[in-house]
Every structure is written in structure tokens, then in C-alpha cells.
Amino acid sequence: MARLNDEVGALLQEIADLILLTGGDAFRARSYEKAARAVGGYHADLATLDAKGLRDIPGVGTSTAGKITEYLSTGRMAKLDELRAQVPPGVREIMAIPTVGPKTAALIHRELGVSTVDELRAAAEQDRLGDLPGLGEKTAENIRHGIDQLRSGGGRALLDTAMELAEEIVASVGALPECHRCAYAGSLRRMRPTVGDVDVLATAEDSRPLMDALTRLPFVTEVLAAGPTKTSVRTSRGLQIDLRVVPPEDWGAAMVYFTGSKAHNIALRARAVKAGLKLSEYGLFRLTERGDRGSEGEKIASRTEEEVYAALGLPWIPPTLRED
Ligand code: DCP
Ligand code: MG
Ligand code: MN
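202 is the number that the UniProt record's numbering gives to position 202 of the sequence shown; each next residue is one higher, with no gaps.
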């Protein structure tokens, strides 16, 4: 319910955080923060309200109502884009540390004058973080841990972060009326601790609404590539997300392909070739007798993973065992 309200609430909160982060008026930041909370908890869906209805939300004035209207019609808030552009890259990097949000980054930047991850590490090592208002020893500990995680780029915690992100995306994209199915694939589905990016697969007749929903998620900071079958974005946690959309009837073959691993795919393709078949992300095909190079041949399996494995004479293989 009211996912849009949460989404808009998160963006208004980000405006509040970035105002503080960029040394803006604390009073104005507080009013955005109030509006963010009011919008997030409001009983009516924002999409059903007109300009007057928006201004009736307690804490939402003319200027905030204008930003909400702008977001509903364009998918952007110019003010937010402008603020994001003002944040120094080092501070953005601090915001990308797992467990550090813009609010904590703002506090650290403002109170300690810290604006790079290296300076932050030094501050953590000198125990200067615990002195900050509202920042206990526990938070300081989390920050030290977060920096290590960011720098090592590995470990169990990275998988947790990626999994959390994947579940949010799958919930958002999967809830769209145009979306038939949505699930994460890639190394995350194989539960690799070194997960390099978050691969998400969805099915729909029309991919457009799904791609748009992805690029508009509040934690998406940059669109790296946008196309009808694949869109890649970067998130505020620094992780990349690849969303691929295929027709509903190809879910199984696409899921096998995008779950990988690459080595597993190579092994499956070799097995297919031996049986006179051809396996791709689009399906398992029987090559025609003429060896038609132009066409893929007759599609014999693609709807479910089980169907694809069965047609190759294999039982369904659990993703964690698909390393070769
Ligand atoms: N894939 C493939 N051949 C390629 C590229 C990709 O078969 N040349 C398939 C197998 C991969 C899947 O697509 O598992 C997703 O591609 P990624 O590059 O995201 O690879 P992984 O998710 O497996 O690993 P990483 O943790 O590096 O993201
Ligand atoms: Mg991947
Ligand atoms: Mn990928």
C-alpha cells in the first residue's frame, strides 16, 4: 500500500539531508523532514490527490506540493538533482558506506569536517566519532566495519546488503500490474559471497513501465544504461543493478542463463549441442535437419527452468550448485 507515498517521503527526506549536508538552512531542512514523515504516513495515495489535496497534508506547503506534483508528472525533482550535484564526491562515497545514510554523513561532515572515506577512517581510529551527538560507540563500530566492507568488497555482509536491495527491487517491480514475474538471478541467486552486482529478471509484454519503475527508485543515484531489454543503475550503496525483461514464455530459459554461472551455462550449452539442440537465453531449440543457420529452429523448452533442464535430460539443479 501507498508505496508511492514512501517513495516520495524518501525523496523529501533526502532533500532535507542534503540541505544539511550542503550547509543550507536547518529550518528549511526540518520542514522537508516534517513533510517527508507526513507524506510517508498519509492515509491517501498521493497519486489520487490534486494540488489542493496535497496541500491539505499537514506539513506540506505550496513549495513541497509543487515538488510532489513535479515528481508525479516527470519522475524527477529538479531541486533534488541540484542538491545531489553539490555534494562532494568524497561525501557521496561516505554515504555509500553500508549503515551510513546521508544523515550520518551530514553529521560527520558538518561536525568533524570529514569529507573523504580516508579522513573518516582516521576519525574512527582516533575514536572521534563516539563524541558526536546522537552517534554512539555502536554507530562508530558499524562505520569502521562498513569502511572495511566497502574497501574489501567482499565478505558475508556484502551478500546481505545485496540481498536486501534485491528484495526491495523485486517487491517494487513485481508489484507493477504490467509485471508477470520478477526475481533476482546471477551470483546473488547462487549465494556467492563475492556478489559483484544485483541481477534481476522480470517478465512482461511491455518492459517500459518496469524499467521506469527501476530508474525512479529513491535509492537509485545514476542510470548507467537504459534499453528496452536491459537497464543498469547504480544505487546509493554503490551497488550496480541490472534489470532484464523478457517475454513471459521465456522465463525459464532466461532464468537459467542469468543465474549462471558462466561455467554452468557453457556446460549446459555443450550438453545441448551433443543432443542436436541449441541453448540460449531465449530458449532451448531443436536445430532443423537442414541445419538452417538463419533460424534458431523449433523451440522445445523455455517456459520454466524445470522444463529446460528436463529437456536436457537433467533434474532441476539448485542455484547454489551451478558453479560448473
Ligand atoms: N552470462 C553468461 N555469459 C556472459 C555474461 C553473463 O553466461 N558473457 C550469464 C551468467 C552470469 C549471468 O549472466 O552468471 C549474470 O552475469 P554477471 O556478469 O552479473 O555474473 P554473475 O552474477 O554470475 O557474477 P557477479 O557476482 O560478478 O555479478
Ligand atoms: Mg551478477
Ligand atoms: Mn550483472
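In this text, a Cβ means the ideal position worked out from N, Cα and C, and glycines have one as well.
Less than 8 Å between the CB atoms is what I'm expecting for Leu-188 and Asp-199, so what's the real figure, rounded?
As a first step, residue 188 must be located in the sequence shown, where it is residue number 188. As a first step, residue 199 must be located in the sequence shown, where it is residue number 199. Yes, they are in contact, since the Cβ atoms of Leu-188 and Asp-199 sit about 7 Å apart, within 8 Å.
Is Ser-207 near ligand 2, with its Cβ less than 7 Å from a heavy atom?
Start at 1 with the first residue of the sequence shown, and residue 207 comes out as number 207. Checking the Cβ of Ser-207 against ligand 2 gives no.
In its own chain, which residues sit with a C-beta less than 7 Å from the C-beta of Thr-166, not counting the 5 before and 5 after it?
Within the sequence shown, the letter at position 166 stands for residue 166. A small fix is needed here, since residue 166 is Ala in this sequence, not Thr. Only Tyr-184, Leu-188, Val-198, Val-200 meet the Cβ criterion.
Just how far apart, CA to CA, sit Val-245 and Glu-7?
Residue numbering aside, residue 245 sits at position 245 when the sequence shown is read from its first letter. Residue numbering aside, residue 7 sits at position 7 when the sequence shown is read from its first letter. Val-245 and Glu-7: Cα-Cα distance of roughly 23 Å.
Enumerated in chain order, which unbroken segments of the alpha helix (DSSP H) with a length of 4 residues or greater are wholly contained in the segment 186 to 230?
Taking only runs of at least 4 residues, the alpha helix (DSSP H) segments lying wholly in the segment 186 to 230 are 186 to 189, 208 to 215.
Closer than 5 Å from C-beta to any heavy atom of ligand 3: which residues, in chain order?
Residues with a Cβ closer than 5 Å to any heavy atom of ligand 3, in chain order: Asp-197, Asp-199, Asp-242.
For Gly-174, collect the residues of the same chain with a Cβ closer than 6 Å to its Cβ; drop the 5 residues on either side in sequence, then sort them by chain order.
For the purposes of this step, residue 174 is taken as residue 174 along the sequence shown, with counting starting at 1. If we look at Gly-174 and ignore the five residues flanking it on each side, its Cβ neighbours are Cys-182.
Go through the segment 239 to 297 residue by residue and report every complete run of the alpha helix (DSSP H) that reaches 4 residues or more, in order.
Segments of the alpha helix (DSSP H) lying fully in the segment 239 to 297: 251 to 259, 262 to 274.
Comparing the C-beta of Thr-69 with each C-beta of chain D, is any distance below 8 Å?
Among the protein chains of the structure shown there is no chain D, as only one such chain exists.
Thinking just about the alpha-carbon of each residue, which of Gly-90, Glu-222, Leu-243 is nearest to the one in Ile-147?
Locating residue 147 in the sequence shown gives position 147, where the first residue counts as 1. Answer by Cα proximity: Gly-90.
How about Ser-187: is its Cβ closer than 7 Å to a heavy atom in ligand 2?
Looking up residue 187 in the sequence shown gives position 187. True, at least one ligand heavy atom lies under 7 Å from that Cβ.
Three-state secondary structure (DSSP) at Arg-303?
Along the sequence shown, read from residue 1 onward, the residue named residue 303 stands at position 303. Reduced to three states, the DSSP call for Arg-303 is coil.
Return the first residue and the last residue of the beta strand (DSSP E) that Arg-181 is part of.
Mapped onto the sequence shown, residue 181 falls at position 181. Residues 181 to 184.
From Ser-302 to Met-255, what does the alpha carbon distance come to, in whole angstroms?
In the sequence shown, the residue the question calls residue 302 occupies position 302. In the sequence shown, the residue the question calls residue 255 occupies position 255. Roughly 9 Å separates the two Cα atoms.
What residues match up with Arg-234 in a beta bridge as DSSP calls it?
Counting from 1 along the sequence shown, the entry for residue 234 is found at position 234. The partner list for Arg-234 (beta bridge, DSSP) reads Glu-222, Gln-240.
Could you check whether the Cβ of Arg-192 sits closer than 7 Å to any heavy atom belonging to ligand 1?
Working through the sequence shown from its first residue, we reach residue 192 at position 192. Checking every heavy atom of ligand 1 against the Cβ of Arg-192, one is found closer than 7 Å.
Between Leu-21 and Ala-123, how many whole angstroms is the CB-CB distance? I'm expecting something under 8 Å.
Here residue 21 refers to the residue found at position 21 of the sequence shown. Here residue 123 refers to the residue found at position 123 of the sequence shown. Actually they do not touch by this definition, with Cβ atoms about 17 Å apart.
Along the alpha helix (DSSP H) that carries Ser-17, what are the first and last residues, could you check?
Within the sequence shown, residue 17 is the residue found at index 17, counting from 1. Here residue 17 turns out to be Asp, not Ser, going by the sequence shown. Looking at the DSSP string, the run of the alpha helix (DSSP H) that includes Asp-17 is 3 to 21.
Going by beta-carbon coordinates alone, are Ala-47 and Leu-11 separated by less than 8 Å?
Translated into the one-based positions of the sequence shown, residue 47 becomes position 47. Translated into the one-based positions of the sequence shown, residue 11 becomes position 11. No, they are not a contact pair.
Where does Arg-237 land, buried or exposed, given buried means 16+ other C-beta within 10 angstroms?
To locate residue 237, count along the sequence shown from 1; it is residue 237. Buried: at least 16 other Cβ atoms inside 10 Å.
The alpha helix (DSSP H) spanning Thr-62 covers which residue range?
Here residue 62 is taken as the residue at index 62 of the sequence shown, counted from 1. Its alpha helix (DSSP H) spans residues 62 to 74.
Among Thr-320, Ile-97, His-264, whose alpha-carbon lies nearest the alpha-carbon of Thr-139?
Taking the first residue of the sequence shown as position 1, residue 139 is located at position 139. Of the listed residues, the one whose Cα sits closest to Thr-139 is Ile-97.
Give the DSSP-derived three-state secondary structure of Ile-317 in the structure shown.
The residue you call residue 317 lines up with position 317 of the sequence shown. If DSSP states are grouped into helix, strand and coil, Ile-317 belongs with coil.
In the DSSP assignment, find the unbroken alpha helix (DSSP H) run with Gly-40 in it and report its ends.
Locating residue 40 in the sequence shown gives position 40, where the first residue counts as 1. Here the alpha helix (DSSP H) through Gly-40 covers 26 to 40.
Could you check whether Lys-274 and Leu-287 sit closer than 8 Å to each other, using their CB atoms as the reference points?
Residue numbering aside, residue 287 sits at position 287 when the sequence shown is read from its first letter. Residue numbering aside, residue 274 sits at position 274 when the sequence shown is read from its first letter. Going by C-beta atoms, Leu-287 is not nearer than 8 Å to Lys-274.
From the DSSP output, in three-state form, read off Glu-167 for me.
By 1-based counting over the sequence shown, the position of residue 167 is 167. DSSP places Glu-167 in helix when its eight states are reduced to three.
Measuring straight from C-alpha to C-alpha, what distance separates Leu-192 and Glu-323?
Taking the first residue of the sequence shown as 1, we reach residue 192 at position 192. Taking the first residue of the sequence shown as 1, we reach residue 323 at position 323. Here residue 192 turns out to be Arg, not Leu, going by the sequence shown. The straight-line gap from Cα to Cα measures roughly 10 Å.
Answer yes if the segment 17 to 35 comes into contact with the segment 79 to 95, meaning at least three C-beta pairs across the two stretches below 8 Å, and no otherwise.
With a cut-off of 8 Å, the segment 17 to 35 and the segment 79 to 95 count as touching, because enough Cβ pairs lie within range.
Quick one: grab the DSSP three-state call for Thr-116.
Here residue 116 corresponds to residue number 116 of the sequence shown, with the count starting at 1. Thr-116 falls in the coil class under three-state DSSP.
Should Thr-259 be counted as a contact of ligand 1 given a C-beta to heavy atom distance under 7 Å?
Numbered from its first residue, the sequence shown carries residue 259 at position 259. Under cutoff, so the answer is yes.
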